[in-house]
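Notes for the one structure printed next.
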Amino acid sequence: AFPVTPEEAPKVGDAMRAMQIRGLNVTVPHKQAVMAVVDEVSPEAQAIGAVNTIDHRDGRLVGHNTDAHGVLASLREDGGLQQLPACVALLGAGGAARAILYALLAAEEVERVTLLNRTVARAEALAADLRAGSRVTVAPIDDVPSMADVGLVINATSIGMQPEADASPLGDGSCLHDRMVVLDIVYKPLRTQLLEQARSVGARTVDGLGMLVHQGVRAFEIWTGVTPPANVMREAI
Ligand code: ATR
413 AFPVTPEEAP
423 KVGDAMRAMQ
433 IRGLNVTVPH
443 KQAVMAVVDE
453 VSPEAQAIGA
463 VNTIDHRDGR
473 LVGHNTDAHG
483 VLASLREDGG
493 LQQLPACVAL
503 LGAGGAARAI
513 LYALLAAEEV
523 ERVTLLNRTV
533 ARAEALAADL
543 RAGSRVTVAP
553 IDDVPSMADV
563 GLVINATSIG
573 MQPEADASPL
583 GDGSCLHDRM
593 VVLDIVYKPL
603 RTQLLEQARS
613 VGARTVDGLG
623 MLVHQGVRAF
633 EIWTGVTPPA
643 NVMREAI
């Protein structure tokens, strides 16, 4: 890992060239800033508005985003969802929520996404930016509408992450039920309050490890053309 300050982030492209670094995975808080240091941004990363993987090929730096792939792979593998449910609730409107909403909108079977956030205007801006149209409804996260029809809940807020580890983004979690899958992309800690609430009502739970692993799997494929063993990566983490 190379810890890089925001001031130094614009130099990362030159550093990769000078040191002939073949690829980098990029994480907080640099996913937006590195869009300016690459020569080309993939259509997916452009739509998401963030780059988490840089591929250095033939002297050119190409920015990709593998988070959308990561979340779908985790939902398939850990959530048992070969197809996504028609109604999904997505919590959060930051960088992580952006990649996830992109993935959800790309899945034709998803008819309706309820986007819940503390700052409603930020959620509205995200939905408009991804041209979600009538497929997305925005609501405040502290006034959750009925989730009776919701088959999948995804937490992409930082609530539940250290140092806010004893909080749930859904208050007492009374809107959860046993016909839904609940994914919390937080992986520190792995057992979040939200997942405990989901478990207690009999919902299927998915923690944030799978998305972390699978965004890395896809990045490795981009760099090498080889699919790495995801289970070995997961064991190592
Ligand atoms: P990331 O890139 O990891 O998604 P981010 O862009 O800072 O991080 O987004 C954090 C998300 O968690 C946002 O949706 C944020 O809500 P706001 O848009 O209203 O800021 C949400 N969040 C963080 N702390 C929160 C809290 N204490 N209560 C409610 N929402 C919170």
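With the sequence shown counted from 1, adding 412 to any position gets you this note's numbering. From the three backbone atoms N, C-alpha and C, an ideal C-beta is built for every residue, glycine too. Remember, it's a predicted structure, so these values are computed and weren't measured experimentally.
Collapsed DSSP secondary structure at residue i in the structure displayed
{"i": "G507", "result": "helix"}
{"i": "P581", "result": "coil"}
{"i": "V638", "result": "coil"}
{"i": "I566", "result": "strand"}
{"i": "I571", "result": "strand"}
{"i": "L542", "result": "coil"}
{"i": "A501", "result": "strand"}
Residue i CB to nearest heavy atom of the ligand ATR below 8 Å
{"i": "A540", "result": "no"}
{"i": "P455", "result": "no"}
Proximal residues to residue i (C-beta, below 6 Å), its chain only, five neighbours per side dropped
{"i": "Q444", "result": "A462"}
{"i": "A505", "result": "N529, R534, A535, L538"}
{"i": "R630", "result": "T478, H481"}
{"i": "V594", "result": "V565, A610, A615, T617"}
{"i": "E523", "result": "A498"}
Per DSSP, the bridge partner or partners of residue i
{"i": "G435", "result": "D467"}
{"i": "V453", "result": "G475"}
{"i": "P418", "result": "Per DSSP, none; premise fails for P418."}
{"i": "P616", "result": "Per the sequence shown, residue 616 should be read as Arg rather than Pro. R616 is bridged to V593."}
Cut-off 8 Å between Cβ atoms - residues of its own chain near residue i, not counting five sequence neighbours on either side
{"i": "D578", "result": "Q605"}
{"i": "I649", "result": "L621, L624, V625"}
{"i": "I433", "result": "A427, H468"}
The ligand ZN heavy atom lying under 8 Å from the CB of residue i
{"i": "K600", "result": "Among the ligands in the structure shown, the ligand ZN does not appear; only the ligand ATR can be found there."}
Distance cut 7 Å, beta-carbon to the ligand ATR heavy atom: residue list by chain order: V440, G504, A505, G506, G507, A508, A509, N529, R530, T531, R534, I553, A568, T569, S570, I571, E576, P581
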